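> Dumping the structure here so I can ask a few things about it.
Here it is as structure tokens:
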């Protein structure tokens, strides 16, 4: 019985410690994002990100929702996508491409910090997630371009 008691005690202490670390990581990120929005840094970074995203078929208006998803997570990114789409700032193609990218590469900072806390190599996590998202998004974009050309040929 003493063994089980010690096991449960160690388990709950470990889980509590990990949850506390995760809480402070998320809290710091959310506060930082709000400060960066107020200072205009997010918009500046969006312009830089567009220089990359235009090569994978994502328009400038869709770069900000992608950036938000990369930094803040899929929930905030999805909220940003919905708002942008409702305001006619994103096309259906943008929504698809940003969603694909964010499925593989969301909350890049938060998730990486959490896994690094558990002992994972942060650099490897970031590189693999980013390039996998990039590759899959490019493949889908190429498929959509080919489909659009085929549709245009049929209608002409």
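Residue numbers (the numbering used here): 16 to 171.
Heads up, the beta-carbon is just placed ideally off N, CA and C, and yes, glycines get one too.
Just so we're clear, the structure is a prediction, and the values are computed from it rather than from any experiment.
1) Measure the C-alpha to C-alpha separation of residue 122 and residue 84 and round it to an integer number of angstroms.
2) Give the single residue among 137, 115, 101, 53 whose Cα lies nearest to the Cα of residue 81.
3) Along the alpha helix (DSSP H) that carries residue 106, what are the first and last residues, could you check?
4) Have a look at residue 86 and residue 154 and give me their C-alpha separation to the nearest angstrom.
5) Which residue comes first and which comes last in the alpha helix (DSSP H) that contains residue 94?
6) Would you call the CB atoms of residue 104 and residue 76 closer than 8 Å?
7) Between which residues of its own chain and residue 147 is the CB-CB distance below 7 Å, once the five residues before and five after are set aside?
8) Quick check: residue 206 and residue 140, are their CB atoms within less than 8 Å of each other?
9) Specify the secondary structure class of residue 73 as computed by DSSP and reduced to three states.
10) Is residue 122 helix, strand or coil when you go by DSSP?
11) I'd like the span of the alpha helix (DSSP H) that includes residue 60, first residue to last.
Straight from the coordinates:
1) So the alpha carbons of these two residues sit roughly 6 Å apart.
2) Nearest C-alpha to residue 81 among 137, 115, 101, 53: 115.
3) In the DSSP assignment, residue 106 falls outside any alpha helix (DSSP H), carrying neither H nor E.
4) Using only the alpha carbons, I get a separation of about 23 Å.
5) Here the alpha helix (DSSP H) through residue 94 covers 89 to 101.
6) When the beta-carbon positions are compared, residue 104 and residue 76 come within less than 8 Å of each other.
7) Cβ neighbours of residue 147 beyond the five flanking positions: 119.
8) With the chain covering 16 to 171 only, the question about residue 206 has no answer from this structure.
9) In this structure, DSSP gives residue 73 a state outside helix and strand, which the three-state scheme calls coil.
10) Here residue 122 sits in coil by DSSP.
11) Note, residue 60: alpha helix (DSSP H), 56 to 68.
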